[in-house]
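This report refers to the structure that appears directly beneath it.
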Amino acid sequence: MKKRSLIPILYIAFLMLPIYWLVAMSFKTTNEILSGFSLFPQTFTLENYVTIFTDPTWYWGYINSIIYVTMNTVLSVCVALPAAYAFSRYRFLGDKQLFFWLLTNRMAPAAVFALPFFQLYSSIHLFDTYLAVALAHTLFNVPLAVWILEGFMRGIPKELDETAYVDGYSFPRFFVTIFLPNIKAGVGVAAFFCFMFSWVEMLLAKTLTAVEAKPIAAVMTRTASSAGYELGLLAAAGTLTIIPGAIVIWFVRNYIARGFAMGRV
Amino acid sequence: MRTENQKAWFFVLPVLALVAFNALVPMMTVVNYSVQETFGNNQFFWEGLGWFEQILRSDRFQAALGRQFLFTFLILIIEVPLGIIVALSMPRKGFWVPVCLVLMALPMLIPWNVVGSMWNIFTLPKIGLMGYFLNDVLGINYDMTQQPLSAWITVIVMDVWHWTSLVVLLCYAGLVSIPDAYYQAAKIDGASPWSVFRYIQLPKMKTVLTIAILLRFMDSFNIYTEPFVLTGGGPGNSTTLLSIDLVKIALGQFDLGPAAAMSLIYFAITLLVSWVFYTLMTKDDAQ
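Line order of the protein sequences matches chains D and A. According to my numbering, the first sequence is numbered sequentially starting from 137. According to my numbering, the second sequence is numbered sequentially starting from 5.
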């Protein structure tokens, strides 16, 4: 039994090493980083974090990212809910083809869409707004949300719907008061995935913004190239981007395994 | 089980409108560019399939495609078995399960450019933990800004670090859905660990493994941000994967025609391979 648990421990250690290094770097002074190797910060400093929390371009980067990610999550889950219900309950003309077509959008390389997206959103005057990024990210998040929710909804027996109708529930009332509470876990997992993919995606977010809605990633690349090579600052900014993900994942920890299987086990 | 109802289309309409707006309009823009030549000033000339021919014949595209297939192949043969092994050795219940799962999922929630920066800091010679350890402790000459092999190893290890957990979590979900009775029956029959794996665990993991392999194929084939931040495609062109090359042509050189033709070829290859994978892996179910 003991030998067996060695593999997960080694694996997690491997995962944690680069993260540890990033966090350790963020507490070092630039002098210490450039002067050579040290496993722990010798002169512990919070200077890098102070810079981030006092400079508006830095902290607005985070706020911008969180705003468009939240907008995208709400939008994706809201439009995906009725669609997933339709796919899980009814057969209709072209349903299979439509479902497959939705999934093909998950396969499209983001690099292919970067330039056309820039032109599309510029032409409708949405360039450099939160809405542009939130809408662009629905390209891969909506299909994913439909897929996950459909998996969870299939697990709910159809008798539930029929009983509710017999009891005189209208469809909207049934959907909100009876059906939704039953697929709570699915909604949570779908929201989690939308959050995750919108939060980690950077190519489109960077292409579609300039000043007003600039995500944290763009701020980071600018710092890396313009202000010399401030590794400590870069590390601190990177460390802060891990925190929202860690918080969100803690909320869904009990559904995480099933969630990653998209409700399909 | 599902009833026929054409009104269900109304439920799908919002999704359809949103995705069509995001997918069809840009796609048509790409198709448009791919058959035209432009000299600026918004003047376009019909070019036919010339760009497609030029891209398919160019050494540059073929080399990038070759590197891309090698990369994806290496990723799949490392991450899938490793993921299965870790999932099999994980505890099934108890306090440590959620802790393990959260820690394992953490790399996937880090923005992709941060993943690149993180590995850059980690592997710097003299400064980074891995760079220092390999160069100064083990005496291996390792510098990914100079040596193509080092750069390749770093990019692969980074992806293994980033995405193996996806395979682990999917397989784990499949494994916990196996009832205890199966294992008890296997024990009574005196089944070896290998046959338990081959005849109980592997079949139960089949659906989730299909999802895992498909997702890993698509995402590794479309990878852009992490290797771009880490190596920028270098040294030379050694780690210039398809997406990196495409962005170089489209946004760097602004050659819209060739870039658009390349986009379509790229997308078609992704779709085709995904479809072949999917049909092969679900063939047994249909029979």
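For every residue, glycine included, the Cβ atom is placed at its ideal position computed from N, Cα and C. Since the structure is predicted, the reported quantities are computational estimates derived from the model, not experimental observations.
With distances taken between CB atoms, is the gap from residue i to residue j smaller than 9 Å?
{"i": "L213/A", "j": "V90/A", "result": "no"}
{"i": "I188/D", "j": "L376/D", "result": "yes"}
{"i": "I125/A", "j": "L175/D", "result": "no"}
{"i": "L105/A", "j": "L173/A", "result": "yes"}
{"i": "V282/D", "j": "A219/D", "result": "yes"}
{"i": "S153/D", "j": "A247/D", "result": "In the sequence on display, residue 153/D carries Leu and not Ser. No, these two residues do not count as a Cβ contact at 9 Å."}
{"i": "F271/A", "j": "P245/D", "result": "yes"}
{"i": "H273/D", "j": "S334/D", "result": "yes"}
{"i": "A382/D", "j": "G197/D", "result": "no"}
{"i": "D297/D", "j": "R225/D", "result": "yes"}
{"i": "P102/A", "j": "P252/D", "result": "no"}
{"i": "V118/A", "j": "I284/D", "result": "no"}
{"i": "F263/D", "j": "F254/D", "result": "yes"}
Please report the residue range of the alpha helix (DSSP H) in which residue i lies.
{"i": "T209/D", "result": "P192 to R225"}
{"i": "F225/A", "result": "L206 to F225"}
{"i": "A246/D", "result": "A246 to S259"}
{"i": "K320/D", "result": "K320 to V336"}
{"i": "K342/D", "result": "L339 to T343"}
{"i": "D264/D", "result": "Counting along the chain, D264/D falls outside any alpha helix (DSSP H), and DSSP gives it neither H nor E."}
{"i": "I79/A", "result": "D63 to L92"}
{"i": "D184/A", "result": "D184 to I192"}
{"i": "Y301/D", "result": "E295 to V302"}
{"i": "R111/D", "result": "Residue numbering for chain D in the displayed model covers 137 to 401; residue 111/D lies beyond these limits and cannot be assessed."}
{"i": "I383/D", "result": "L367 to F387"}
{"i": "R242/D", "result": "D231 to M243"}
{"i": "T168/A", "result": "P152 to V180"}
{"i": "F137/A", "result": "Taken as a continuous stretch (DSSP letters only), F137/A belongs to no alpha helix (DSSP H), as it is neither H nor E."}
Quick check on the burial criterion: 16 or more other C-beta atoms within 10 angstroms. Buried or exposed for residue i?
{"i": "D249/A", "result": "buried"}
{"i": "R96/A", "result": "exposed"}
{"i": "R220/A", "result": "buried"}
{"i": "I261/D", "result": "A small correction: the amino acid at residue 261/D is His; Ile does not occupy that position in the sequence shown. With fewer than 16 other Cβ atoms within 10 Å, it is exposed."}
{"i": "A149/D", "result": "exposed"}
{"i": "E295/D", "result": "exposed"}
{"i": "N145/A", "result": "exposed"}
{"i": "T235/A", "result": "buried"}
{"i": "K117/D", "result": "In the structure as shown, chain D starts at 137 and stops at 401, and residue 117/D therefore has no counterpart that could be examined."}
{"i": "S362/D", "result": "In this prediction, S362/D scores a pLDDT of 49, lower than 50, which makes its location untrustworthy; the coordinate-derived value is nonetheless stated afterwards. Classification for S362/D: exposed."}
{"i": "R71/A", "result": "buried"}
{"i": "Q150/A", "result": "exposed"}
{"i": "E8/A", "result": "exposed"}
{"i": "M266/A", "result": "buried"}
{"i": "F258/A", "result": "exposed"}
{"i": "L229/D", "result": "exposed"}
In chain D, which residues lie less than 7 Å from residue i when you measure between Cβ atoms?
{"i": "K130/A", "result": "G172 and F173"}
{"i": "Y270/A", "result": "P245 and V248"}
{"i": "W13/A", "result": "F228"}
Please go through the same chain and pick out, in chain order, the residues whose beta-carbon is closer than 7 Å to the beta-carbon of residue i, but skip the five residues on each side of it.
{"i": "P262/A", "result": "W55, Q58, I59 and I253"}
{"i": "N241/D", "result": "L275, F276 and P279"}
{"i": "F235/D", "result": "F223"}
{"i": "S121/A", "result": "V233"}
{"i": "T179/D", "result": "T165 and E168"}
{"i": "A195/A", "result": "none"}
{"i": "M161/D", "result": "I169, L367, G368 and A371"}
{"i": "Q291/A", "result": "For Q291/A, the predicted model reports a pLDDT of 46, less than 50, meaning its position is unreliable; a value from the coordinates is still stated below. Result list for Q291/A: empty, nothing under 7 Å."}
What in chain D is Cβ-close to residue i, meaning under 8 Å?
{"i": "M222/A", "result": "R242 and M243"}
{"i": "T274/A", "result": "M243, A244 and P245"}
{"i": "T149/A", "result": "Neighbours of T149/A on chain D: none; closest Cβ ~13 Å, over 8 Å."}
{"i": "Y136/A", "result": "F173"}
{"i": "E8/A", "result": "Y226, R227 and F228"}
Could you pull the start and end residues of the beta strand (DSSP E) that residue i belongs to?
{"i": "E41/A", "result": "Q40 to T42"}
{"i": "F49/A", "result": "F48 to W50"}
Just to make sure I have the definition right: I need the residues of chain A whose C-beta is within less than 9 Å of the C-beta of residue i. Which are they?
{"i": "P279/D", "result": "V19 and V23"}
{"i": "Q255/D", "result": "P30 and T33"}
Within the same chain, show all residues whose beta-carbon is closer than 8 Å to that of residue i, passing over the 5 residues directly before and after it, in chain order.
{"i": "G52/A", "result": "V39"}
{"i": "S306/D", "result": "none"}
{"i": "P152/A", "result": "P239, G240, S242 and T243"}
{"i": "Y266/D", "result": "N200, I203, Y204, M207 and A349"}
Name, please, each residue of chain A whose Cβ falls closer than 8 Å to the Cβ of residue i.
{"i": "F387/D", "result": "What F387/D touches in chain A: nothing, since even the nearest Cβ is about 10 Å away."}
{"i": "S141/D", "result": "S93 and P95"}
{"i": "F150/D", "result": "W165"}
{"i": "I378/D", "result": "L110, L113, I114 and V118"}
{"i": "L275/D", "result": "V23, N26 and A27"}
Note down, in chain order, each residue of its chain lying with its Cβ closer than 6 Å to the Cβ of residue i, except the 5 sequence neighbours on either side.
{"i": "A216/A", "result": "V171 and L174"}
{"i": "P129/A", "result": "G135, N139 and D147"}
What in chain A is Cβ-close to residue i, meaning under 7 Å?
{"i": "P144/D", "result": "V90, S93, M94 and C104"}
Members of the stretch 104-120 of chain A near chain E, C-beta cut-off 9 Å
Judged by its chain identifiers, the structure shown contains no chain E, and its protein chains are D and A.
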